[in-house]
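Asker: Shown below is the structure under consideration.
Chains as they are written, first to last, in the working numbering: chain A, 45 to 487; chain Z, 45 to 487.
In structure tokens form, the structure reads like this:
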């Protein structure tokens with residue numbers, strides 16, 4: 045969940061249209077609906093890495109990994125349009141698209157999750173994928189208890205909310221779950237963050253089992269987005285995954301955030317760590333905005349569930365969803381977006397490190413590919429987080445035509461996660477806007 | 045869930061392409077994937093109420109309420125295409141579509157669920173809508189226990205699966221849930237099926253509370269689709285809903301099946317009964333195949349959840365989903381589909397009753413609008429259900445170019461639920477195909 049979202053009552057100084065729309069939202073939508081920014085942004089158009097508001101103002105989008113190829117990418121628009129004119133129906137009839145896509149998807153996985161050794165299923169949202177993943181993990185282990193990190197977010201369903209502490213105190217964590225601190229190299233100061241994290245996982249399993257709950261698995265996104273964007277050194281997750289496996293649990297790699305070429309070095313976030321998950325869940329960027337999600341699991345892991353419980357998702361895997369998903373995979377390859385993410389992400393990281401030399405409030409800069417966290421602090425020595433400053437920076441960036449958000453337990457980490465269309469030229473735009481924002485705020 | 049779905053190993057006598065596709069599915073998709081028909085249908089095209097297979101053979105679709113306006117309806121195709129070219133992003137920025145649609149949606153509700161008294165939220169699947177509905181019901185009542193019918197199906201998530209006995213014995217019903225028999229006027233022979241059903245609900249509440257579980261609510265689709273398509277006399281549900289309310293519970297109307305003009309008499313299934321639900325869930329036909337779902341609830345009911353627990357659905361309510369949903373509402377009005385459903389549904393019912401005079405195996409024919417159940421029995425006197433015959437009829441119908449499915453605890457009820465594009469001319473096609481199928485089977 046994101047720290048810079050507001051209810052309508054926070055808004056003031058709005059133009060008439062923005063005020064009217066904000067009031068209409070407040071009147072007819074459920075109270076859960078939140079808006080970004082004190083003066084909400086009324087968007088009407090998107091293209092590539094850019095968004096336009098109703099006044100024709102252009103924004104550089106540094107937040108949306110859903111429109112991962114870029115907003116309104118023509119390959120997805122056309123693939124969906126063509127398939128929608130032909131046929132869109134459920135998976136109890138035969139159709140080639142779901143099979144062609146699955147072949148293509150499994151080919152991106154490590155051999156242990158590849159063709160002949162893993163199987164795929166399709167849903168519509170990351171929450172649905174994670175809900176099923178947790179059920180699969182329970183079925184194969186006979187366990188009940190999951191481990192997640194202290195700011196994790198894995199979904200909106202009842203089951204996934206129970207392992208999503210980012211939802212806050214109003215949503216209880218499942219009594220069988222245990223939370224572990226995320227592997228934050230900056231804040232823990234651990235010399236070996238992998239060993240540090242594995243120790244926490246080991247202790248949580250022991251605590252869980254001592255209270256009579258059988259361990260089912262660890263669920264984590266390998267970049268720990270909600271915990272503050274913690275890519276860490278590639279490979280460090282391997283030790284924790286090993287602990288999970290030795291305790292008889294499964295590792296669920298939630299790729300909703302780091303998947304689909306985002307982290308640059310590898311196509312999947314978990315692959316950066318050289319680990320093989322038992323279950324992989326896919327979401328947000330999978331259809332470039334079309335609601336499609338998926339689950340890939342080792343054959344024997346999935347069978348423990350599928351042999352016993354029917355599962356049918358009405359819209360899941362339909363020809364239009366699969367056309368969108370196929371266009372995404374094809375375009376990532378055709379446009380070389382994984383390498384682009386690596387190259388432009390590295391450039392951005394380097395420029396942000398230069399920026400940090402000019403602004404004492406930048407405590408840490410870290411990233412993998414085009415997924416970057418910039419951590420703001422009151423004092424570099426004490427590393428005291430500065431969440432209020434981060435919120436002010438967001439507002440200043442918005443005034444300078446850059447949209448993004450914050451993450452982490454203290455809301456002090458700028459989450460820089462643009463569409464992969466984000467180009468070399470945009471690095472300068474973003475860094476200049478950040479520089480000017482921090483200067484304007486006297487920091 | 046539907047009774048006529050098979051694993052690939054059941055298939056024989058397939059042409060080469062069908063066999064190849066079936067084997068590919070079996071190799072790469074999870075074991076949960078099932079196919080309709082012994083010889084699966086390989087579809088490539090759809091238009092209106094018709095579907096075409098790879099050999100160019102046309103089928104009359106008498107099953108799909110998802111493509112409710114008709115397959116590939118141009119209004120939806122064009123609305124989605126236009127919006128996909130403009131913008132598709134999440135609800136933390138302002139956008140008009142979600143507000144215009146919500147105004148239009150709430151105007152279809154009874155005054156107690158209309159503007160100023162109810163609020164809407166949007167997700168991607170009926171399962172997500174029902175999962176949230178159950179959580180809302182728990183939040184507002186402080187209760188835990190739900191009542192559902194003995195063959196109900198409300199979703200694929202962990203929480204909704206717990207009130208979905210149609211999933212079979214592999215999926216346990218939630219320990220806090222209670223099941224009641226559906227209001228089946230044909231099989232119970234109850235003179236007043238409303239009083240009969242209300243008695244069952246009353247007893248289930250008493251049983252639940254005597255075991256220490258506080259009652260949260262009743263969840264039901266008002267046509268009891270999975271229980272065998274039981275429209276019953278309009279109004280009969282009112283007594284049970286009254287029992288629920290007097291016991292402090294909420295009534296969740298699952299409109300995934302009967303909603304959006306399907307039952308003809310009213311726009312919503314619950315409205316046939318003159319009841320006002322506390323929560324209404326929307327799904328399948330809402331976007332004519334685009335994954336969009338929703339929840340409408342009385343303001344104070346929803347607030348009990350929303351004031352405490354954050355909820356954000358990444359794809360829910362996005363401009364493309366809302367464009368599809370708007371095109372559906374607009375087209376239902378523009379094409380007069382509610383009245384069409386009533387008129388053509390009544391004609392179909394009348395013709396099926398004539399058919400029943402020629403075939404002793406037809407035990408009952410019932411329906412509301414274009415949602416019809418035809419119940420097959422071994423003997424009209426004993427009403428012994430004939431599930432095996434129903435499966436044979438499905439296969440015979442498929443040979444005659446008609447696609448449909450079965451429902452009910454005995455799998456003996458043909459579920460006739462075509463796209464609303466189903467026309468007067470199609471009544472004759474369907475009835476003739478049924479007549480010929482029963483004759484061919486010697487019944």
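Note that CB positions come from ideal geometry on N, CA and C, so glycine has one too.
Just so it is clear, the structure is predicted and the values come from calculations on it, not from any experiment.
How close, in whole Å, do the beta carbons of residue 193(Z) and residue 271(Z) come, if the pair is a contact with beta carbons under 8 Å?
Answerer: In the second chain, counting from the first residue as 1, residue 193(Z) sits at position 149. In the second chain, counting from the first residue as 1, residue 271(Z) sits at position 227. So it is a contact: roughly 5 Å between Cβ atoms.
Asker: Helix, strand or coil for residue 118(A)? Go by DSSP, reduced to three states.
Answerer: Here the question's residue 118(A) lines up with position 74 in the first chain. It is helical.
Asker: What would DSSP say about residue 223(A), mapped onto helix, strand or coil?
Answerer: Walking along the first chain from the start, residue 223(A) turns up at place 179. Reduced to three states, the DSSP call for residue 223(A) is strand.
Asker: Kindly indicate the opening and closing residues of the beta strand (DSSP E) around residue 176(A).
Answerer: To locate residue 176(A), count along the first chain from 1; it is residue 132. No beta strand (DSSP E) holds residue 176(A); the alpha helix (DSSP H) holding it covers 170–185.
Asker: Do the CB positions of residue 317(A) and residue 269(A) come within less than 8 Å of each other?
Answerer: Within the first chain, residue 317(A) is the residue found at index 273, counting from 1. Within the first chain, residue 269(A) is the residue found at index 225, counting from 1. Going by C-beta atoms, residue 317(A) is not nearer than 8 Å to residue 269(A).
Asker: Say whether chain Z places a C-beta atom closer than 8 Å to the C-beta of residue 366(A).
Answerer: Taking the first chain and counting its residues from 1, one reaches residue 366(A) at position 322. Answer no: the Cβ-Cβ gap between residue 366(A) and chain Z never drops below 8 Å.
Asker: Less than 7 Å between C-beta atoms, sequence neighbours within five positions excluded: which residues of the same chain meet that for residue 182(Z)?
Answerer: Your numbering for residue 182(Z) matches position 138 in the second chain. Same-chain partners within the cutoff: 188 and 260.
Asker: Counting only Cβ pairs nearer than 7 Å, list the residues of chain A close to residue 223(Z).
Answerer: Here residue 223(Z) corresponds to residue number 179 of the second chain, with the count starting at 1. By Cβ distance, chain A contributes nothing, its closest Cβ being about 17 Å from residue 223(Z), past 7 Å.
Asker: Take the Cβ of residue 468(A) as the centre, count every other Cβ of all protein chains shown within 10 Å, and call the residue buried at 16 or more, exposed below.
Answerer: The residue you call residue 468(A) lines up with position 424 of the first chain. Exposed, by the Cβ-count rule.
Asker: Between the Cα of residue 460(Z) and those of 470(Z), 454(Z) and 453(Z), spot the shortest distance and give me the residue it belongs to.
Answerer: For the purposes of this step, residue 460(Z) is taken as the residue at position 416 of the second chain. Of the candidates 470(Z), 454(Z) and 453(Z), the one whose C-alpha sits nearest the C-alpha of residue 460(Z) is 470(Z).
Asker: Count the other CB atoms within 10 Å of the CB of residue 85(A); is the residue buried (16 or more) or exposed (fewer)?
Answerer: As a first step, residue 85(A) must be located in the first chain, where it is residue number 41. Classification for residue 85(A): buried.
Asker: In whole angstroms, what is the alpha-carbon distance linking residue 334(A) and residue 131(Z)?
Answerer: Start at 1 with the first residue of the first chain, and residue 334(A) comes out as number 290. Start at 1 with the first residue of the second chain, and residue 131(Z) comes out as number 87. Rounded to the nearest angstrom, the two C-alpha atoms are 12 Å apart.
Asker: Mind checking the stretch 173–202 of chain Z against chain A and listing, in chain order, the residues whose C-beta falls within less than 8 Å of any C-beta there?
Answerer: Listed by position along the chain: 175, 176, 178, 179, 200, 201 and 202.
Asker: Shorter than 8 Å from the beta carbon of residue 69(A) to some beta carbon of chain D?
Answerer: The structure shown contains no chain D; its protein chains are A and Z.
Asker: Chain Z partners of residue 140(A), CB-CB under 8 Å?
Answerer: The residue given as residue 140(A) occupies position 96 in the first chain. Result: 65.
Asker: To the nearest angstrom, how far is the alpha carbon of residue 223(Z) from that of residue 71(A)?
Answerer: For this step, residue 223(Z) is matched to residue 179 along the second chain. For this step, residue 71(A) is matched to residue 27 along the first chain. Cα to Cα, residue 223(Z) sits roughly 37 Å from residue 71(A).
Asker: Does chain A have any CB closer than 8 Å to the CB of residue 457(Z)?
Answerer: Within the second chain, numbered from 1, the residue matching residue 457(Z) stands at position 413. False, the Cβ-Cβ gap to chain A never drops below 8 Å.
Asker: Under the three-state reduction of DSSP, which class applies to residue 297(Z): helix, strand or coil?
Answerer: If you number the second chain from 1, residue 297(Z) lands on position 253. The answer is strand: DSSP assigns residue 297(Z) an E or B state.
Asker: If contact means a Cβ-Cβ distance below 8 Å, which residues of the stretch 240–259 of chain Z contact chain A?
Answerer: Taking 8 Å as the Cβ-Cβ cut-off against chain A, none of the residues of the stretch 240–259 of chain Z qualify.
Asker: For residue 193(A), write down the residues that DSSP places opposite it in a beta bridge.
Answerer: Numbered from 1 along the first chain, position 149 holds the residue referred to as residue 193(A). Looking at the DSSP assignment, residue 193(A) forms a beta bridge with 224(A).
Asker: Classify residue 488(A) as buried or exposed, calling it buried when 16 or more other Cβ atoms lie within 10 Å of its own Cβ.
Answerer: Because chain A spans 45 through 487 in this model, residue 488(A) falls outside it and cannot be assessed.
Asker: Are residue 308(Z) and residue 385(Z) touching if we call contact CB-CB under 8 Å?
Answerer: The residue labelled residue 308(Z) in the question sits at position 264 within the second chain. The residue labelled residue 385(Z) in the question sits at position 341 within the second chain. Yes, Cβ-Cβ distance for residue 308(Z) and residue 385(Z) is below 8 Å.
Asker: Does DSSP put residue 271(A) in a helix, a strand or coil?
Answerer: Residue 271(A) sits at position 227 when you count from the first residue of the first chain. Coil, per DSSP.
Asker: Check whether the stretch 79–96 of chain A touches the stretch 117–133 of chain Z, taking contact to mean three or more Cβ pairs, one atom from each stretch, closer than 8 Å.
Answerer: Result yes; three or more Cβ-Cβ pairs closer than 8 Å.
Asker: Quick one: what does DSSP say residue 390(Z) is sitting in, helix, strand or coil?
Answerer: Residue numbering aside, residue 390(Z) sits at position 346 when the second chain is read from its first letter. It is helical.
Asker: Just tell me which of 454(A), 171(A) and 78(A) has its CA closest to the CA of residue 139(Z).
Answerer: Reading the second chain from its first residue, position 95 is the one you call residue 139(Z). If we check each option's Cα against that of residue 139(Z), 78(A) comes out closest.
Asker: Under a three-way DSSP split, which group does residue 379(Z) fall into?
Answerer: Numbered from 1 along the second chain, position 335 holds the residue referred to as residue 379(Z). Coil at residue 379(Z), not helix or strand.
Asker: Buried or exposed, going by whether 16 or more other CB atoms sit within 10 Å of the CB of residue 53(Z)?
Answerer: Position 9 of the second chain, counted from the start, is the residue given in the question as residue 53(Z). Low local confidence applies: a pLDDT of 49 at residue 53(Z) is under 50, so the model's placement there is unreliable, and no value is given.
Asker: Would you say residue 447(A) and residue 59(A) are within 8 Å of each other, going by their C-beta atoms?
Answerer: In the first chain, residue 447(A) corresponds to position 403, counting from 1. In the first chain, residue 59(A) corresponds to position 15, counting from 1. Cβ distance not < 8 Å, so residue 447(A) and residue 59(A) don't count as in contact.
Asker: Would you report the Cα separation of residue 306(Z) and residue 354(A), rounded to the nearest angstrom?
Answerer: For this step, residue 306(Z) is matched to residue 262 along the second chain. For this step, residue 354(A) is matched to residue 310 along the first chain. Roughly 27 Å between the two C-alpha positions.
Asker: How long is the line joining the alpha carbons of residue 232(Z) and residue 274(Z), rounded to whole angstroms?
Answerer: Here residue 232(Z) is taken as the residue at index 188 of the second chain, counted from 1. Here residue 274(Z) is taken as the residue at index 230 of the second chain, counted from 1. Distance between the alpha carbons of residue 232(Z) and residue 274(Z) is about 12 Å.
Asker: Just to confirm before moving on: does the CB-CB distance between residue 346(Z) and residue 457(Z) stay below 8 Å?
Answerer: The residue given as residue 346(Z) occupies position 302 in the second chain. The residue given as residue 457(Z) occupies position 413 in the second chain. It is not a contact, given that the beta carbons lie outside the stated cut-off.
Asker: Span of the alpha helix (DSSP H) holding residue 289(A)?
Answerer: Position 245 of the first chain, counted from the first residue, corresponds to residue 289(A). Residue 289(A) -> alpha helix (DSSP H) spans 282–290.
Asker: Taking residue 200(A) as the reference, give the member of 185(A), 184(A), 217(A) and 186(A) with the closest Cα.
Answerer: By 1-based counting over the first chain, the position of residue 200(A) is 156. Per the Cα distances, 217(A).
Asker: Less than 8 Å between the CB atoms is what I'm expecting for residue 296(A) and residue 263(A), so what's the real figure, rounded?
Answerer: On the first chain, position 252 is the one that residue 296(A) refers to. On the first chain, position 219 is the one that residue 263(A) refers to. That pair is a contact at about 4 Å.
Asker: What three-state label does DSSP hand residue 324(A) in the structure shown?
Answerer: Residue 324(A) sits at position 280 when you count from the first residue of the first chain. Strand, per DSSP.
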